[in-house]
Amino acid sequence: DTDIRVTDAAGKALGRMKSDEAMEAMLAGLSTGNSKAKLAAVLGFASIKRPYAAAAKPIAGMLGGGNDEMRRAVVKALFNLKDPSTADTLVKILDDKEPAVAVLAAEALGDMKAESANAALLERTNASDWGLQKAAVEALGKIRAKESIGPLIEMFQKEQGLIDEVI
């Protein structure tokens, strides 16, 4: 459809269906040349909460460009897919120019318990954006890597307010 609202609704509806047929339709949408269909497919995967490994790589490959809406949808989809193979991609997104996208990436890494992201998340505990700081600390709490204990204790001793509550 030429109306973006229709394609968005179609993608989200497919994501809510959760059937194998719906998943295959969304996967096919990822490989089309139509940018609206791709966005609809990504929004569909952003609506599901089940693993679907076949979609992880094509979705991760869509992060290189696109507008903020597309990047947010891609990170949300990767968050919901919880595919460990996307951890390195999500680490790169921690530096996204849009703070909301970086926060989603930190949350996804925490939910995936991606130990490979530990060092990058520790760096983000000093971010200028408090939302990213909070998301990084929460992610580290979920990952529970031994090497983050010391730095988090030091942070706890220095910080006050929101981060203090998170730790």
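46 is the number that my numbering gives to position 37 of the sequence shown; each next residue is one higher, with no gaps. All C-beta atoms in this analysis are idealised placements derived from N, C-alpha and C, irrespective of residue type, glycine included. Since this is a predicted model, take the numbers as computed values, not measurements.
Anticipated Cβ contact below 8 Å, Leu52 with Lys21, distance rounded: 5 Å
Same chain, Cβ closer than 7 Å to Gln142, five either side skipped, listed in chain order: Arg133, Thr134, Ala136, Ile172
CB Pro160 to CB Leu131, shorter than 8 Å? yes
Between Ala123, Asp97, Ala86, Met164, which lies nearest to Ala148 when the distance is taken from Cα to Cα? Ala123
Tell me the residue span of the alpha helix (DSSP H) that contains Asn89. 77–90
Determine contact between the stretch 97–115 and the stretch 53–64, defined as no fewer than three beta-carbon pairs at a distance below 8 Å. When Cβ pairs closer than 8 Å are counted between the two stretches, the stretch 97–115 is seen not to touch the stretch 53–64, the count staying below three.
Can you give me the C-alpha to C-alpha distance between Ser28 and Ala37, rounded to a whole angstrom? 14 Å
Mapping the DSSP letters down to three states, classify Ser125 as helix, strand or coil. It is helical.
Exposure label - Arg14; buried when at least 16 CB within 10 Å: exposed
Using a Cβ-Cβ cutoff of less than 7 Å, which residues in the same chain neighbour Asn89 once the five nearest sequence positions on both sides are dropped? These residues qualify, in order along the chain: Phe54, Ala55, Ile57, Lys58.
Reference Asn127, options Gln166, Ala145, Ala69, Leu23, closest by Cα: Ala145
What is the residue span of the alpha helix (DSSP H) that Asp17 lies within? For Asp17, the enclosing alpha helix (DSSP H) stretches over residues 13–26.
Less than 6 Å between C-beta atoms, sequence neighbours within five positions excluded: which residues of the same chain meet that for Val100? Ala126, Ala129
Thr95 and Ala69: beta carbons closer than 8 Å? yes
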